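Take a look at the structure below.
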C-alpha cells in the first residue's frame, strides 16, 4: 500500500468532553464540606437531594450554597465553563485548532452554578442512564475512593470491567463511530460535558465510599 497518501481522520460531528485536574486544596475543601454534613444528622436530612436525582445512591447531599460561596470551587468551575464554551465549542464551529479567544474578549459570558451535590456510593450503588435538564453543562469530580478499588482491572473480561466507572453514551452505533467513553474514577479528575449527553455509573462493588461532586452549570 502506498505511503504517499495524505490520510487524516476528520471527526467534525463528535461532541466534546473537557477533562481537568482539581487542586489538592479543592479536593480537601469539598471533602471537608461533605464530612461536616455527614456528621450532623439534621444537616443530612436537610440537604438530602435524592428525590431530585436518578441515582440509586446511599447518600446524595445538596451543596449548591457551599459551592457558590467557596471561591476555590466557584472560580474553578467558572474557568472550566468559559474554557469549554470559548475554545472547545469554537474549535468545532471553525473546524480548526482554535487556540485563541481574542475576538471574544469583549463578550461577557455569565456562568451560573445551578445545582451541586455530593454523591457517596457504597457497594451496590449505581446511576442509571440519564441526562441533566435545566442547565447547559454538567460536570463531575472524583473526591475519594476506597483503598481496595483496584489500580488496574483484573477480570476475565478486563475490557468490560466497569465497576464504579462513569460512562458517556453517544446515540450512534456504526462503523467508524465511537459511541461509548468509559472513565475510571481517579481522585482529582474532573469532567465537564454538554448536559444533553447520556451517561451512567456502573454498580460500585468495593468496600468503603466512592465520593464525587456533581455540578450543573447554566450560561447567560
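Numbering (our numbering), first residue to last: 864 to 1083. All C-beta atoms, glycine included, are put in the ideal place defined by N, C-alpha and C. Keep in mind it's a predicted model, so treat the numbers as computed, not measured.
Out of curiosity, what's the CA-to-CA distance linking residue i and residue j?
i	j	result
residue 1056	residue 1033	12 angstroms
residue 1044	residue 918	19 angstroms
residue 908	residue 923	10 angstroms
residue 997	residue 879	19 angstroms
residue 1037	residue 999	27 angstroms
residue 983	residue 1003	13 angstroms
residue 1060	residue 870	30 angstroms
residue 1070	residue 920	14 angstroms
residue 1041	residue 947	21 angstroms
residue 961	residue 1054	With a pLDDT of only 44 at residue 961, under 50, the local geometry of the prediction cannot be trusted, and no value is derived from it.
residue 887	residue 1083	30 angstroms
residue 889	residue 935	6 angstroms
residue 881	residue 995	17 angstroms
residue 1026	residue 905	32 angstroms
residue 1011	residue 1079	30 angstroms
residue 1031	residue 973	27 angstroms
residue 911	residue 929	14 angstroms
residue 884	residue 1051	5 angstroms
residue 943	residue 900	26 angstroms
residue 931	residue 1035	36 angstroms
residue 949	residue 1077	22 angstroms
residue 1028	residue 1068	11 angstroms
With H, G and I counted as helix, E and B as strand and the rest as coil, what does DSSP make of residue i?
i	result
residue 1018	A caution first: residue 1018 carries a pLDDT of 49, below 50, which makes its placement in the model too unreliable to give a value.
residue 921	coil
residue 913	helix
residue 908	helix
residue 979	strand
residue 899	helix
residue 1075	strand
residue 933	coil
residue 961	For residue 961, the predicted model reports a pLDDT of 44, less than 50, meaning its position is unreliable; a value from the coordinates is still stated below. Residue state, collapsed to three classes: coil.
residue 926	coil
Across which residues does DSSP place residue i in a beta bridge pair?
i	result
residue 884	1052
residue 1084	A query on residue 1084 cannot be resolved here, the shown segment of the chain reaching from 864 to 1083 and no further.
residue 893	Answer is none; residue 893 lacks a bridge partner.
residue 1082	974
residue 1057	1000
Meets three-Cβ-pair contact criterion under 8 angstroms: the stretch 987–1007 and the stretch 1063–1075: yes
Length-filtered (3 minimum) beta strand (DSSP E) runs lying within the stretch 981–1054: 990–993, 1000–1007, 1029–1032, 1043–1046
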